[in-house]
Structure formats: C-alpha cells, structure tokens
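Worksheet: one structure, shown below.
This is the structure:
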C-alpha cells in the first residue's frame, strides 16, 4: 500500500464515494449525514489537501489534512469498508504524524462525533488523548490531540 496525494476529478469522485461508503452507517446514529459526507472533494483535491491510500488502482483510504500554525488537523480519515481491519487507518495516521513532523508542527489534532464510538476507542490506541467535548453546528464532537516526539 502507498499513500499519495489525490489528484484530478477521477480521484475526487472516488474519494467522495469512499467517504459516503465509510460514513453512511453513522447516519442513523447521528440523525443526519456526517460532515465529511458534505465536503467539496473536488475543491479539496484540487487544493492538494487530500491524500489517498492505494493498492494498485484501488483507493483504500482517504485523509483530508489542514495545516495550522501550531498543529496538523486530520479533518477526515476514512477507510473503505472492504479494507477495514487491514491497518489502513493506522498507516494514514502514521502518515499524518510524519507530515506534521516534516512541517515542524508539534502535534496532530482530530475530532470525531460522539456517536462514532468505534473512533473514540480507536484513537487512544494510536497515541491520541481526549482533550474535550462540545457541540458545534449541531454535532456532538470529541476532540483528540497527539503530541509528537
């Protein structure tokens, strides 16, 4: 598996489908479409803010990153349902760590929805610690930080 920048309208369409496939199961829990399903992936891909985990021609995972002055934000991480359990998410998070280090940033941040209980259990196993909860735009968020050595 390789991780590369997403590029072009074909990648953007495939990223959108993967995100929809990965997040659809959360709609009944949240009561609406999760925010990653509403993102403009054409614009994000064109701006160079999405990376994809690929195996040959297959996109297995997606990472949308935003850089701030003091941290790297994992805005969205999604793994194709058929690829879950194969370490794709862990490799994408490791990529985010390396990206942050290469940019001289001391930490990686992310948040998830309170209803996504699998994620709340997953991120601490990857070195993240919960730092807060709040409601934003009607979504109940759980915030995590991972300081980098």
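Numbering (this note's numbering), first residue to last: 1 to 149. Positions of the beta carbon are idealized from the N, C-alpha and C atoms, including for glycine.
Minimum C-alpha distance to residue i - residue among the options
{"i": "residue 22", "options": "78, 122 and 1", "result": "78"}
{"i": "residue 38", "options": "67, 49, 20 and 51", "result": "20"}
{"i": "residue 64", "options": "76, 57, 72 and 58", "result": "76"}
{"i": "residue 145", "options": "116, 127 and 135", "result": "127"}
{"i": "residue 96", "options": "109, 25 and 24", "result": "109"}
{"i": "residue 7", "options": "26, 67, 28 and 44", "result": "44"}
{"i": "residue 49", "options": "58, 33, 57 and 68", "result": "68"}
{"i": "residue 112", "options": "40, 3 and 121", "result": "121"}
CB contact below 9 Å: residue i versus chain D
{"i": "residue 120", "result": "The structure shown contains no chain D; it is built from a single protein chain."}
Coarse secondary structure for residue i, derived from DSSP in three states
{"i": "residue 223", "result": "This structure cannot speak to residue 223, because the chain is shown only from 1 to 149."}
{"i": "residue 28", "result": "helix"}
{"i": "residue 70", "result": "coil"}
{"i": "residue 98", "result": "helix"}
{"i": "residue 105", "result": "coil"}
{"i": "residue 39", "result": "coil"}
{"i": "residue 58", "result": "strand"}
{"i": "residue 18", "result": "helix"}
Whole-angstrom C-beta distance between residue j and residue i, which should lie under 8 Å
{"i": "residue 129", "j": "residue 142", "result": "Between residue 142 and residue 129 the Cβ distance is about 11 Å, and since that is not below 8 Å, they are no contact."}
Rounded separation between residue i and residue j - CA only
{"i": "residue 215", "j": "residue 114", "result": "Shown here, the chain extends from 1 to 149; a query on residue 215 therefore has no answer."}
{"i": "residue 12", "j": "residue 74", "result": "18 Å"}
{"i": "residue 136", "j": "residue 16", "result": "23 Å"}
{"i": "residue 30", "j": "residue 47", "result": "29 Å"}
{"i": "residue 150", "j": "residue 116", "result": "This structure gives no information on residue 150, because the portion of the chain shown stretches from 1 to 149."}
{"i": "residue 35", "j": "residue 24", "result": "11 Å"}
{"i": "residue 103", "j": "residue 93", "result": "15 Å"}
{"i": "residue 33", "j": "residue 119", "result": "17 Å"}
Sequence-distant residues of the same chain with beta carbon closer than 7 Å to residue i, five excluded per side
{"i": "residue 60", "result": "1, 53, 54, 79, 80, 83 and 88"}
Heavy atom of the ligand ADP within 8 Å of residue i beta-carbon
{"i": "residue 44", "result": "The ligand ADP is absent from the structure shown, which contains no ligands of any kind."}
Cut-off 8 Å between Cβ atoms - residues of its own chain near residue i, not counting five sequence neighbours on either side
{"i": "residue 85", "result": "none"}
{"i": "residue 99", "result": "65 and 72"}
{"i": "residue 101", "result": "148"}
{"i": "residue 90", "result": "126"}
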